[in-house]
Amino acid sequence: MNARAPYRDPARDLEARIKDLLGRMTLDEKLAQLGGVWSSDLVGTAGFDPDQTSRLLEHGIGQVTRIGATTALEPAASAAFANAIQRMLVEDTRLGIPAIVHEEALAGYCARRATQYPQAIGHLDLERGQEPVQIGPRELREVFAEPFAAAIREAGLRSVMNSYSAVDGVAPAGSPELLDELLRSELGFEGTVVADYYAVDLLVRHHRVARDKADAAALAIAAGLDVELPALDCFGEPLR
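Using my numbering, you'd call the opening residue of the sequence shown number 5 and step up by one each time.
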């Protein structure tokens, strides 16, 4: 790893750093940044397995999936595990790119000793959004999209996950109308769109709008879906 590479210099212009980094990345390294890895895949019988982690994350990784809930570690051990993964990525991969660690947080951080807050999703949520919905463009914007618009507007929301449900017959994970035109152009979202778990493959298995994993990956990427979760699947070898 070249410690003096322009992309590693925080004093340089951000766009210049990005251009420099992308210019150095191999196809394998680019694909790795488009997905995640289950944290449970990085452990052995004695805990964190550096050899297995080095093999699985040889080219880096975009996100690490659910250390809190998957491992059931106590807080200090969970932090140590996350730090070990990040240290390996920063120190032992060619480009030294750290990962985003994500977790379920519907009612609070989902981990040992974390607080879980009361939730009343059955009373407050728009129940029609738990199944395929048939709605017009005005209702979509004024009722369903407005809470997201407020979060983007007021809180600077930087990450959004797609819905599983079809909207007027269209699967969001493969819809440029929803992810690009509505979310980015109309609502002004400038962050990262991540797939709800297995949503890319569901374009094949459930929505049946893609022939296979490779076709699903192409549809999702073109629609504006940036990261496949929980682990690299369609965005890995099929996308290649």
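Positions of the beta carbon are idealized from the N, C-alpha and C atoms, including for glycine.
Residue i and residue j look like a contact to me (Cβ under 8 Å); what is the Cβ gap, rounded to whole Å?
{"i": "L93", "j": "M29", "result": "Their Cβ separation, rounded to whole angstroms, is 14 Å, which puts L93 and M29 out of contact at 8 Å."}
{"i": "V197", "j": "D172", "result": "Incorrect: roughly 19 Å between the Cβ atoms, too far for contact."}
{"i": "D200", "j": "N166", "result": "6 Å"}
{"i": "I139", "j": "F193", "result": "With a Cβ gap of about 20 Å, I139 and F193 do not count as contacting."}
{"i": "E78", "j": "R117", "result": "7 Å"}
{"i": "A226", "j": "C238", "result": "Wrong, their Cβ atoms sit about 13 Å apart, outside the cutoff."}
Among the residues of its own chain, which have a CB less than 6 Å from the CB of residue i, if the five just before and after it don't count?
{"i": "L182", "result": "P176"}
{"i": "A296", "result": "Shown here, the chain extends from 5 to 244; a query on residue 296 therefore has no answer."}
{"i": "R162", "result": "G195"}
Looking only at its own chain, which residues have a Cβ that is under 7 Å from the Cβ of residue i, when we skip the five neighbours before and after it?
{"i": "G240", "result": "L35 and G39"}
{"i": "P10", "result": "R16, A20, R21 and D24"}
{"i": "N6", "result": "none"}
{"i": "A235", "result": "G39, G40, V41, W42 and T69"}
{"i": "C114", "result": "G72, A73, E107 and E108"}
Quick one, which of the options has its alpha-carbon nearest residue i's?
{"i": "H210", "options": "P234, G178 and S189", "result": "G178"}
{"i": "W42", "options": "G72, G27 and A111", "result": "G72"}
{"i": "A81", "options": "E146, V47 and A111", "result": "V47"}
{"i": "Q90", "options": "A111, G112, F52 and A115", "result": "F52"}
I'd like the list of long-range same chain contacts for residue i, defined as Cβ closer than 8 Å, with 5 residues on each side in sequence excluded.
{"i": "G133", "result": "Residue placement at G133 is poorly supported in this model, since its pLDDT is 49, which falls under 50; the coordinates are not used for a value here."}
Please say whether residue j and residue i have beta carbons closer to each other than 9 Å?
{"i": "E95", "j": "G64", "result": "no"}
{"i": "L243", "j": "A214", "result": "no"}
{"i": "L61", "j": "T97", "result": "yes"}
What are the boundary residues of the beta strand (DSSP E) that residue i is part of?
{"i": "G64", "result": "Careful: G64 lies outside any beta strand (DSSP E) and carries neither H nor E."}
{"i": "S82", "result": "S82 -> not in any beta strand (DSSP E); alpha helix (DSSP H) instead, spanning P79 to D96."}
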